[in-house]
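So, in structure tokens, the structure goes:
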């Protein structure tokens, strides 16, 4: 039960297209399979203009070489994609150059390592997040246990891992056996909607079970 780069890109494009003032963008994505999948999906779905698409490495020393200020000034939006602390460096550098426009990111932005590197520059960044019911009593109880026993938060990855266990258990009960192929076939059916502990998931027709995504704006006071 996890999203892919294509799922994120499609959701991000839909959000971009709902904002009338955004027609030209620059994109920074990690130079790996996920980054290339983002690029392919944006080229397929985005109807605006992508002026530059930079594939970055995780070496922070080279960030300033791929964030040229002359190419940032007139952009409606800068998109930063990935799951590594380098994203925080890119966002911080963009802000230091004086860019004051829209910055949008994927769920990888809302991780402690990225936010710690970005610092105050994270303020105002719009990012996709999993549409999980974080305010429910069940989630707060899990969060309290994790904080007390392990000194960590009950993260989105933890939420998806627990969801996977519950969906497998549901499949075994439905089909009456625990054969992996049978369980996989059951969970891979097309156009199925699941609700697990208040979180919504749907099957994408390619074997994936995808959580709903929403666009949020980060505030440093979090």
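Residue numbers (my numbering): 9 to 230. Just so you know, even glycine gets a beta-carbon here, dropped at the ideal spot from N, CA and C. What you are looking at is a predicted structure, and each value in this text was computed from that prediction instead of being measured.
- request: Count the other C-beta atoms from every protein chain shown that fall within 10 angstroms of the C-beta of residue 222, then say buried if there are 16 or more, exposed otherwise.
  value: exposed
query: For residue 219, which of helix, strand or coil comes out of DSSP?
result: strand
message: Can you determine whether any heavy atom of the ligand MG sits closer than 7 Å to the C-beta of residue 47, and answer yes or no?
response: Inclusion of the ligand MG in the displayed structure is not the case, the ligand content being empty and no account of it being possible.
field: Segments assigned beta strand (DSSP E), at least 3 residues, entirely inside the segment 193–217
entry: 201–204 and 207–211
query: For residue 108, which of 159, 99, 114 and 116 has the nearest alpha-carbon?
result: 99
- prompt: Whose C-beta lies closer than 6 Å to the C-beta of residue 24 among residues of the same chain, with five residues either side of it excluded?
  reply: 30
field: Spatially closest choice to residue 50 from 63, 39, 18 and 110, by CA coordinates
entry: 18
query: residue 53 by DSSP, collapsed to three states: which one?
result: helix
- prompt: What is the rounded straight-line gap between the Cα of residue 230 and the Cα of residue 159?
  reply: Per-residue confidence for residue 230 stands at a pLDDT of 49, beneath the threshold of 50, marking its modelled position as unreliable; no derived number is given.
query: With 16 as the cutoff for other CB atoms within 10 Å, does residue 48 come out buried or exposed?
result: exposed
- prompt: In chain order, which alpha helix (DSSP H) runs of at least 4 residues are fully inside the segment 105–130?
  reply: 120–126
query: Short check: CB of residue 176 to CB of residue 200, under 8 Å?
result: no
task: Assign residue 154 to one of three DSSP states: helix, strand, or coil.
output: helix
field: Closest Cα partner of residue 143 within the set 40, 152 and 118
entry: 152
- prompt: Under the DSSP definition of a beta bridge, which residues are partnered with residue 99?
  reply: Paired residues: none, contrary to the question.
Where residue 31 falls: helix, strand or coil (DSSP): coil
message: Quick check on residue 230: does DSSP put it in helix, strand or coil?
response: Residue placement at residue 230 is poorly supported in this model, since its pLDDT is 49, which falls under 50; the coordinates still yield a value, given next. Residue state, collapsed to three classes: coil.
query: Who pairs with residue 58 in a beta bridge, going by DSSP?
result: 33
query: Skipping 5 residues on each side, what residues in its chain have a beta carbon closer than 8 Å to that of residue 10?
result: 168, 216, 217, 218 and 219
- request: Determine the burial state of residue 146: buried for a count of at least 16 other Cβ atoms within 10 Å of its Cβ, exposed for fewer.
  value: exposed
- prompt: Under the rule that 16 or more other beta-carbon atoms within 10 Å means buried, what is residue 149, buried or exposed?
  reply: exposed
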